[in-house]
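Converting from the sequence shown to my numbering requires adding 693 to each position, the first position being numbered 1. Reading through the structure tokens given below for one structure.
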Amino acid sequence: MTNVDEVYQRLSDTGPERDGWLSNHAPMAAEALIRHGHADQVHRWLDAYADRLEPRPRGISPIRAEDWRSPLGDPRRTGDWLVFFERELAAAPWRDVLVQWWPRLLPGIAAGATHGVIRVGHAVRSLIAAETPERVAELGQGLAYWAGRWQTLAPPGAGPYAATDPRAALDAVPRVPDQRSGARERLAQLADTPGWASAAGAIPGSSATEDVPARLAGIIEAATLRHGTFGYASPVMLVHAATAPNAVARVLPVLPRTLWMPSLAAAWSATAAITAAYSPAAPRPLPSSAGDLMAAAAASGDEHAIKFADTALDVGDHALASARHSVNMLS
């Protein structure tokens, strides 16, 4: 039976991206497959994915702890960030490193079209289950990727805004005017998109810190269900409207409560930004669908189908029919 440590060891010398931008989904998808009972398929899946892996990037110049701001968001320094976080995690417990770097990286949650935070979320989930050197190393790779691709979003307005329920709040997010370009170009339009500031500030739910986990769960559920009717326009990219806040939710249990509200705000901004950048103007009816969701995702072999099914299973049984349709679109 394959375990996640074998996978992380197998992938340890691979880079976080390929072709200069596309994310390496192998560690994330493999962790999800193992967690949901499909460990026997993982190495075969990795064999099929192998031609989409590139070697770990080399560094340019060591990053000093006191000079961490200047290389932030410079993808040419990703190799340096990998070495940096190896050193940090060798010198301190992984939870301490995560708590130190989480608020530094959180403003750049759009990194790699949100794949930076998503990879960290999978790594933290594996570490909560068991702390091993391989899982600590994978956390370092996720943090390094996030730091190398760090990208901020246009900030919300001064608020407070009257936030509605999560689904209504998502439906109120304005669309960026030009939806013909890539993620970075679409997200760059948010600052000049009418209504973005108020939508980004309208975080659904109450203002109590203890309610943050439930508020996050509501955002994840809304984005997951919405994908079934709006995902047809960009099935792959709209997956991240659900998987990015779910990554934040997976990290929340190891964070101090002082970081919960900023984490919620960043998660909502990521979901709203992906929705603004890729959601079509109108939904399509949801066809009836049924069956074993993760088995269908695993059978498809598609990394986004696997990760979306993983998030939908966190949401609950009521999301499965919609999610199965989404998996069909992704396959």
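All residues carry an ideal CB built from backbone N, CA and C; glycine is no exception.
Under DSSP, S900 forms no beta bridge with any residue. Around the beta carbon of I912, a 10 Å sphere encloses 16 or more other beta carbons of the protein chains shown; the residue is thus reported as buried. Residue ranges of uninterrupted alpha helix (DSSP H) with 4 or more members, entirely inside the region 853–879 and ordered along the chain, are 859–864. Fewer than three Cβ pairs drawn from the region 999–1019 and the region 886–900 lie within less than 8 angstroms of each other, which leaves the two stretches out of contact. Shown here, T1004 sits in a helix according to DSSP, grouped into three states.
By the C-beta criterion, the region 775–795 is judged to be in contact with the region 741–755, since at least 3 inter-stretch pairs fall below 8 angstroms. In the same chain as P849, and ignoring 5 residues on each side of it, the C-beta atoms closer than 6 angstroms to its own belong to A890, A893 and G894, in chain order. Straight-line spacing of the CA atoms in H815 and Q702 works out to 15 angstroms. Looking at the DSSP output, E710 shares a beta bridge with S716. Rounded to whole angstroms, A840 and F923 show a C-alpha spacing of 31 angstroms.
At the C-beta level, R950 and R818 stay beyond 8 angstroms of one another.
Take the alpha-carbon of E831 and the one of S705: they are about 8 angstroms apart. Judged by DSSP secondary structure, L765 falls outside any alpha helix (DSSP H); it is assigned neither H nor E. Here the region 967–976 makes contact with the region 859–871; the two share three or more CB pairs at distances below 8 angstroms. Your pair G835 and G809 checks out as a contact, with CB atoms roughly 7 angstroms apart and the cut at 8 angstroms. By the neighbour-count criterion, in which 16 or more other beta carbons inside 10 Å mark a residue as buried, W738 falls on the buried side. For I756 and P764, the gap between their C-alpha atoms comes out near 8 angstroms. In terms of Cα proximity to L799, the closest of W953, A1012 and S993 is W953. Straight across, the Cα-Cα distance linking A758 with T771 is about 15 angstroms. By the Cβ-count criterion, G801 is buried, with 16 or more other Cβ atoms from all chains shown falling within 10 Å of its own Cβ. Between L863 and R908, the C-beta spacing is not below 8 angstroms.
By a beta-carbon distance limit of 8 angstroms, H1011 does not contact V929. Their separation comes to about 24 angstroms.
Secondary structure note for D698: its alpha helix (DSSP H) is the uninterrupted segment V697 to R703.
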